[in-house]
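Position 659, counted from 1, in the sequence shown is what the UniProt record's numbering calls 659; the numbers after and before it change by one each time, with no gaps.
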Amino acid sequence: SCDANQLCNCSSMGLDFIPPGLTAKITVLNLAHNRIKHIQSQDLQQAVNLRALLLQSNKISSIDEDSFQSLAKLELLDLSNNSLAHLSPLWFGHLFSLQHLHLQGNSYRDLGQSSPFSSLRNLSSLHLGNPQFSVIRQGNFEGIELLHKLWIDGSNLSQYEQGSLKSIKAINHMIINLRNSNIFSEIVRDLLHSVTCLEVTEIKLALQNKSLVQNSIRPFRIQKLTFKEAFFTDETISQAIVLVKEITSLKELEAVNCVLKGQGRWNTGEIAKSGKSFVETITIIKVMIQNFHLFLDLDGMESQVNKLKRLTIASSNVFMVPCNLARHFSSLLYLDFHDNLLVNNRLNETICNGSWPSLQTLNLSQNSLKSLEQTAKYTSRLPKLNNLDISQNNFGEIPDACTWPSHLKYLNLSSTQIPKVTRCIPETLEVLDVSGNNLKEFGLELTSLKELYLTRNQLKTLPGAAPIPNLVTLSVRRNKLNSFSKEEFESFRRLELLDAGDNNFICSCEFLSFIHHEARIAQVLVGWPDKYVCDSPLAVRGAQVGAVHLSLMECHRSLVVSLICVLVFLVILLLVAVGYKYHMVWYLRMTWAWLQAKRKPRRAPPKDICYDAFVSYSENDSDWVENTMVRELEQACPPFRLCLHKRDFVPGKWIVDNIIDSIEKSHKTLFVLSEHFVQSEWCKYELDFSHFRLFDENNDAAILVLLEPIQSQAIPKRFCKLRKIMNTKTYLEWPADEEQQQVFWESLKGALKS
Numbered sequence: 001s002c003d004a005n006q007l008c009n010c011s012s013m014g015l016d017f018i019p020p021g022l023t024a025k026i027t028v029l030n031l032a033h034n035r036i037k038h039i040q041s042q043d044l045q046q047a048v049n050l051r052a053l054l055l056q057s058n059k060i061s062s063i064d065e066d067s068f069q070s071l072a073k074l075e076l077l078d079l080s081n082n083s084l085a086h087l088s089p090l091w092f093g094h095l096f097s098l099q100h101l102h103l104q105g106n107s108y109r110d111l112g113q114s115s116p117f118s119s120l121r122n123l124s125s126l127h128l129g130n131p132q133f134s135v136i137r138q139g140n141f142e143g144i145e146l147l148h149k150l151w152i153d154g155s156n157l158s159q160y161e162q163g164s165l166k167s168i169k170a171i172n173h174m175i176i177n178l179r180n181s182n183i184f185s186e187i188v189r190d191l192l193h194s195v196t197c198l199e200v201t202e203i204k205l206a207l208q209n210k211s212l213v214q215n216s217i218r219p220f221r222i223q224k225l226t227f228k229e230a231f232f233t234d235e236t237i238s239q240a241i242v243l244v245k246e247i248t249s250l251k252e253l254e255a256v257n258c259v260l261k262g263q264g265r266w267n268t269g270e271i272a273k274s275g276k277s278f279v280e281t282i283t284i285i286k287v288m289i290q291n292f293h294l295f296l297d298l299d300g301m302e303s304q305v306n307k308l309k310r311l312t313i314a315s316s317n318v319f320m321v322p323c324n325l326a327r328h329f330s331s332l333l334y335l336d337f338h339d340n341l342l343v344n345n346r347l348n349e350t351i352c353n354g355s356w357p358s359l360q361t362l363n364l365s366q367n368s369l370k371s372l373e374q375t376a377k378y379t380s381r382l383p384k385l386n387n388l389d390i391s392q393n394n395f396g397e398i399p400d401a402c403t404w405p406s407h408l409k410y411l412n413l414s415s416t417q418i419p420k421v422t423r424c425i426p427e428t429l430e431v432l433d434v435s436g437n438n439l440k441e442f443g444l445e446l447t448s449l450k451e452l453y454l455t456r457n458q459l460k461t462l463p464g465a466a467p468i469p470n471l472v473t474l475s476v477r478r479n480k481l482n483s484f485s486k487e488e489f490e491s492f493r494r495l496e497l498l499d500a501g502d503n504n505f506i507c508s509c510e511f512l513s514f515i516h517h518e519a520r521i522a523q524v525l526v527g528w529p530d531k532y533v534c535d536s537p538l539a540v541r542g543a544q545v546g547a548v549h550l551s552l553m554e555c556h557r558s559l560v561v562s563l564i565c566v567l568v569f570l571v572i573l574l575l576v577a578v579g580y581k582y583h584m585v586w587y588l589r590m591t592w593a594w595l596q597a598k599r600k601p602r603r604a605p606p607k608d609i610c611y612d613a614f615v616s617y618s619e620n621d622s623d624w625v626e627n628t629m630v631r632e633l634e635q636a637c638p639p640f641r642l643c644l645h646k647r648d649f650v651p652g653k654w655i656v657d658n659i660i661d662s663i664e665k666s667h668k669t670l671f672v673l674s675e676h677f678v679q680s681e682w683c684k685y686e687l688d689f690s691h692f693r694l695f696d697e698n699n700d701a702a703i704l705v706l707l708e709p710i711q712s713q714a715i716p717k718r719f720c721k722l723r724k725i726m727n728t729k730t731y732l733e734w735p736a737d738e739e740q741q742q743v744f745w746e747s748l749k750g751a752l753k754s
């Protein structure tokens, strides 16, 4: 049960006794919430370095006198909520280092005849008492000189011997649960010289005439007196006001969760006669007054409030302060009326002309104010007001212009349902809070503004820096902010704190780059890095902004796409160049034509054969073809029908289709070969289309006529089929000798007839 620091937690383990084997290494031992009944001498004998021993909420009823003898270094001992029926001084005799002792919630009725704490010279806080605790005797606190905190549960305390607490020289804070008002007076008399803050709970004050300072040691030290869950009547509160005036050191009175039975019929005459009050601060929180609407206006109390500097009356159904009374708070600097029932027409009475002349800070939050214009107008009657809180009032709208106190520096308009900000907001402000108003923008020019709070609105961007050049602190937490740029950040030249947490940040490359390279981010951003989380992209949702690093593709998508497009373009350009060099276009065009030709019947029906031969020749050889060969063949007997592209192609029809149709409608294809032929683009097509028939049908459809000798290197590589034909088929050569020309014609005619 022990960790590396030797903190041993054995709480709530059902133990009936302190476990054996404790060593000198243990510094903290927690045995709370077990069933331990008895602490024996040897149980803690070896734990000589123990600093804290927690034994609360057990069933301890007996402790051997020397059980804690070896715990000279013990600083905290908690024996609260057990069954100890008495306290023995011998238990604490060797606890020289003890600072905190908790003994409350046991069953002892008194502290014995002497002091159990006489050897505890370093004691700082002491908690004691229980519902059965009934007697405090003189000498019970001997040995204690200085206490930071003393807590006594004396709810049923019935006997207090005068002077019992006088031996303590100084107590910073004392809390006592006490119902007996007579004992309360006696205790106060004994504590005036020692206690700084006294808090009394559950007291029900009774009428008494005995002075609270009688037989008290001077000078008085008490500065603050607090009543919690106390009960007052008009009579007792009147008497209490008179009595506390005698305590000249008392500066602050506080009442929390108290009940006042009465209607304000205080003995103002007696109060006024008792002289001035030294109290400067009064705080009243959640005081319940039955039929509070019938409470009187405290007429006659005017003389008692002129020295008061701070007044808080919160959550107590205050709906008005009479004008005459308000005018007598001549020294009041701070006034807090939050969570009450103030409305605009009653505010006119509460803040009348001449009221609260010195007031600097006013809190009217959580009331029922409806008109911002009227509220501003009434508060403008306060000449020295510089701090105004009117948050959590349902104004609903904001006018274009308002009249405010001339020196107003701080204005809180948070959660007031205003839909926008207008020139109604004063230009003198140094601090402005408009959080929780669903504002979509903020563009006011406030040159003196140093702090701006825009939490819980609908802003999508940071407000412009130019209208608020002196801004030091800016809060835009829980808005709809997606990001902010380096330019926006640096435009606030004096900004020291920026709270932009709890927004749905889009972790774009630009935003992340700025965040990672801005040196001041960690010093300026409030809540960094925990409160700054990415909402998108989806892959990094929920991750802290400062920990996200996107890839090159994610950050420079457009650049990468542009590079890919350029590369694709270059590849295409390269393919075009290669295709041009190696005649790829020609091959593609021929493939397309070939595919079209393949879809047609392999051989046209006999009735569709219109020509004996389709003549493929170069335009440069047209003179020989048209004037020599055509005349010789078409005038023969019987005549041959030749298809010439100049004469027989169908006008308007695609030339490739004309070539294919003409070849298919011809019995033979006659190629007139020459140097010009192999350089002609269309001759290539005609030759290739005839090759489809020549090779696909395995026939002798092609007739080659060599008009002139052709060098083999002059035939392009793509004319591989021509080379093959010339190597495998017999071709006719046009003879230069006229005598041999007749043999040429006879051979050609024979080839056409075959």
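From the three backbone atoms N, C-alpha and C, an ideal C-beta is built for every residue, glycine too.
Query - 6 Å Cβ shell around S371 - same chain, five flanking residues per side excluded - result: As a working note, residue 371 is residue 371 in the sequence shown. Contacts found: N344.
Query raised in the report: When you compare each of V678, M301 and N340 to A314 by their alpha carbons, which one comes out closest?
Result: Counting from 1 along the sequence shown, the entry for residue 314 is found at position 314. It is N340 whose Cα lies nearest to the Cα of A314.
Requested in this report: Can you give me the Cβ contacts of L332 inside the same chain, cut-off strictly under 8 Å, excluding the 5 residues immediately before and after it?
Outcome: As a working mapping, residue 332 is identified with position 332 in the sequence shown. Excluding positions up to five away in sequence, the list reads V305, L308, K309, R310, L311, W356, S358 and L359.
Query raised in the report: According to DSSP, which residues form a beta bridge with M301?
Result: Position 301 of the sequence shown, counted from the first residue, corresponds to residue 301. None; M301 has no bridge partner.
Query raised in the report: Span of the alpha helix (DSSP H) holding H645?
Result: Residue mapping note: residue 645 aligns to position 645 of the sequence shown, counting from 1. Note, H645: alpha helix (DSSP H), H645 to D648.
Query raised in the report: Are the C-beta atoms of S747 and some chain B residue less than 7 Å apart?
Result: The structure shown has no chain B; it contains just one protein chain.
**Report entry** Top-ranked residue by Cα proximity to F614, from C637, N658, I663 and L90
**Finding:** Walking along the sequence shown from the start, residue 614 turns up at place 614. Comparing Cα-Cα distances from F614 to each of C637, N658, I663 and L90, the minimum goes to I663.
Query raised in the report: Counting pairs of beta carbons, one from the stretch 550 to 563 and one from the stretch 524 to 531, are three or more of them closer than 8 Å?
Result: no
Query raised in the report: In chain order, what residues of the same chain lie with their CB nearer than 6 Å to the CB of S414, ignoring the 5 residues before and after it?
Result: Locating residue 414 in the sequence shown gives position 414, counting from the first residue. Answer for S414: S391, D433, S435 and G436, listed in chain order.
Query raised in the report: Contact between the stretch 95 to 104 and the stretch 125 to 142: three or more CB pairs below 8 Å?
Result: yes
Requested in this report: For F569, count neighbouring Cβ atoms within 10 angstroms of its own Cβ and tell me buried if that reaches 16, exposed if not.
Outcome: Stepping through the sequence shown from its first residue, residue 569 is reached at position 569. So F569 counts as exposed.
**Report entry** Contacts around L207, its chain only, beta-carbon distance under 8 Å, and the 5 residues preceding and following it disregarded
**Finding:** Locating residue 207 in the sequence shown gives position 207, where the first residue counts as 1. Excluding sequence neighbours, L207 sits near E235, T236 and Q239.
Requested in this report: Round the Cβ separation of L79 and R51 to the nearest angstrom and send it over; I've been treating them as touching at under 8 Å.
Outcome: Locating residue 79 in the sequence shown gives position 79, where the first residue counts as 1. Locating residue 51 in the sequence shown gives position 51, where the first residue counts as 1. That pair is no contact at about 16 Å.
Report task. Evaluate contact between the stretch 176 to 183 and the stretch 239 to 256, counting only Cβ atoms and requiring at least three cross-stretch pairs below 8 Å. Result -> no
Query raised in the report: Under three-state DSSP, which class holds E664?
Result: As a first step, residue 664 is located in the sequence shown; it is residue number 664 there, counting from the start. Helix at E664.
Report task. Take T27 as the anchor and find which of I39, R137, C2 and H38 has the nearest alpha-carbon. Result -> As a working note, residue 27 is residue 27 in the sequence shown. Considering only alpha carbons, the answer is C2.
Query raised in the report: How is T268 classed by DSSP in three states: helix, strand or coil?
Result: In the sequence shown, the residue the question calls residue 268 occupies position 268. DSSP places T268 in helix when its eight states are reduced to three.
**Report entry** For V287 and T233, the rounded distance between their alpha carbons
**Finding:** Here residue 233 is taken as the residue at index 233 of the sequence shown, counted from 1. Here residue 287 is taken as the residue at index 287 of the sequence shown, counted from 1. So the two alpha carbons sit approximately 12 Å from each other.
**Report entry** Cβ neighbours of F17 in the same chain (closer than 7 Å, five flanking residues each side left out)
**Finding:** Sequence index remark: in the sequence shown, residue 17 carries index 17 (1-based). Once the five neighbours on either side are set aside, the close Cβ partners of F17 are I36.
Report task. Leaving out five residues on either side along the sequence, give the residues of the same chain with a beta carbon under 6 Å from the beta carbon of K166. Result -> For the purposes of this step, residue 166 is identified with residue 166 of the sequence shown, where counting begins at 1. Contacts found: D190.
Query - Presumed contact (8 Å Cβ cut-off) between V533 and A543, rounded CB distance - result: Here residue 533 is taken as the residue at index 533 of the sequence shown, counted from 1. Here residue 543 is taken as the residue at index 543 of the sequence shown, counted from 1. Indeed they touch by this definition, with Cβ atoms about 7 Å apart.
Query raised in the report: Three-state secondary structure (DSSP) at H100?
Result: In the sequence shown, counting from the first residue as 1, residue 100 sits at position 100. Residue state, collapsed to three classes: strand.
Query - Endpoints, alpha helix (DSSP H) assigned at E373 - result: In the sequence shown, residue 373 corresponds to position 373, counting from 1. Here the alpha helix (DSSP H) through E373 covers L372 to T379.
Query raised in the report: Which residues in the same chain have their Cβ closer than 8 Å to the Cβ of C424, if we skip the five residues on either side of it in sequence?
Result: In the sequence shown, residue 424 corresponds to position 424, counting from 1. If we look at C424 and ignore the five residues flanking it on each side, its Cβ neighbours are L372, E373, A376, I398, P399, D400, A401 and C402.
Query raised in the report: According to DSSP, what are the bridge partners of D190?
Result: The sequence position of residue 190 within the sequence shown is 190, counting from 1. DSSP lists no partner for D190.
**Report entry** Alpha-carbon spacing of K753 relative to Y731, whole angstroms
**Finding:** Against the sequence shown, residue 753 aligns to sequence position 753. Against the sequence shown, residue 731 aligns to sequence position 731. Going by the C-alpha atoms only, they are around 15 Å apart.
Query raised in the report: Does any heavy atom of the ligand NAD sit closer than 6 Å to the C-beta of Q263?
Result: Of the ligands one can find in the structure shown there are none, so the ligand NAD has no counterpart to examine.
Query raised in the report: According to DSSP, which residues form a beta bridge with Q159?
Result: Start at 1 with the first residue of the sequence shown, and residue 159 comes out as number 159. The partner list for Q159 (beta bridge, DSSP) reads V135.
Query raised in the report: If you count every other CB in all the chains shown that lies within 10 Å of the CB of G129, and 16 or more means buried, which is it?
Result: Locating residue 129 in the sequence shown gives position 129, counting from the first residue. Buried, by the Cβ-count rule.
Query raised in the report: What is the rounded straight-line gap between the Cα of S666 and the Cα of K581?
Result: The residue given as residue 666 occupies position 666 in the sequence shown. The residue given as residue 581 occupies position 581 in the sequence shown. S666 and K581: Cα-Cα distance of roughly 35 Å.
Query raised in the report: Using DSSP with H/G/I as helix, E/B as strand and the rest coil, what is residue 766?
Result: Since the first residue of the chain shown is 1 and the last is 754, residue 766 is not available in this structure.
Query raised in the report: Are the stretch 669 to 679 and the stretch 647 to 660 touching, with three or more C-beta to C-beta distances below 8 Å?
Result: no
**Report entry** 7 Å CB neighbourhood of K384 in its chain, flanking five on each side removed
**Finding:** Numbered from 1 along the sequence shown, position 384 holds the residue referred to as residue 384. Excluding residues within five positions, the ones whose Cβ falls inside 7 Å are S358, L359, Q360 and H407.
Query - Sub-7 Å separation of Y611 and C643 beta-carbons - result: Numbered from 1 along the sequence shown, position 611 holds the residue referred to as residue 611. Numbered from 1 along the sequence shown, position 643 holds the residue referred to as residue 643. Yes, they are a contact pair.
Query raised in the report: Bridge partners of Q544, per DSSP?
Result: Against the sequence shown, residue 544 aligns to sequence position 544. For Q544, which the question treats as bridged, DSSP gives the partners V533.
**Report entry** 8 Å contact criterion, which I144 and I175 should meet: CB distance rounded
**Finding:** As a working note, residue 144 is residue 144 in the sequence shown. As a working note, residue 175 is residue 175 in the sequence shown. Rounded, the Cβ-Cβ distance is 16 Å, inconsistent with contact.
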